[in-house]
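These notes concern the structure reproduced below.
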Amino acid sequence: MQCPTIKGDMNGDGVQTISDVWLMLSAAYHWPGRWSVEAMSQNPQTALFLELNAASCGGWLSFALSTAAWVLVLLALASIQVAIDEWGRR
Ligand SMILES: [Ca+2]
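Residues in the sequence shown are numbered consecutively from 0, following numbering that gives the first Met the number 0.
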């Protein structure tokens, strides 16, 4: 299974509009989850158990995994900022 790629004309209507910008932002947010869903779909038993299909690229599993990934990124950035602040006080 291959999730759709991020491109200028996301809805395929032939023109780039504000709707495509929203769809691009949504696809960018879902990127970690889409990548995970694609990786999990490579194993037929996992894909069958999780009922993965093309809609899974933007589904609840992709959203949950993306949210977890972005929270981890924000926590890592906050930890780096705290470490920099601590180092600056010495
Ligand atoms: Ca479009």
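Idealized CB from N, CA, C, for every residue including glycine.
Length of the line joining the Cα atoms of residue i and residue j
| i | j | result |
| --- | --- | --- |
| Asp84 | Ser78 | 10 Å |
| Ser35 | Asp12 | 28 Å |
| Leu49 | Cys2 | 16 Å |
| Asn10 | Ser18 | 8 Å |
| Ser40 | Ser55 | 10 Å |
Cβ neighbour criterion (16 or more within 10 Å) applied to residue i
| i | result |
| --- | --- |
| Arg33 | buried |
| Met0 | exposed |
| Gly57 | buried |
| His24 | In the sequence as displayed, the identity of residue 24 is Leu instead of His. Leu24 is exposed by the Cβ-count criterion. |
| Leu76 | exposed |
Near ligand 1: residue i beta-carbon under 8 Å from a heavy atom
| i | result |
| --- | --- |
| Met9 | yes |
| Val81 | no |
| Thr4 | no |
| Ser25 | no |
| Val70 | no |
| Asp84 | no |
Cβ-Cβ separation, residue j to residue i (assumed contact under 8 Å), whole Å
| i | j | result |
| --- | --- | --- |
| Ala38 | Ile5 | Ala38 to Ile5, Cβ: 18 Å. No contact. |
| Pro31 | Leu64 | 6 Å |
9 Å Cβ cutoff, residue i in contact with chain C
| i | result |
| --- | --- |
| Ile17 | Looking for chain C here will not work: only one protein chain is present. |
Start-to-end residues for the alpha helix (DSSP H) that takes in residue i
| i | result |
| --- | --- |
| Ile5 | Where Ile5 is concerned, there is no enclosing alpha helix (DSSP H), given that its DSSP letter is neither H nor E. |
| Gln44 | Pro43 to Phe48 |
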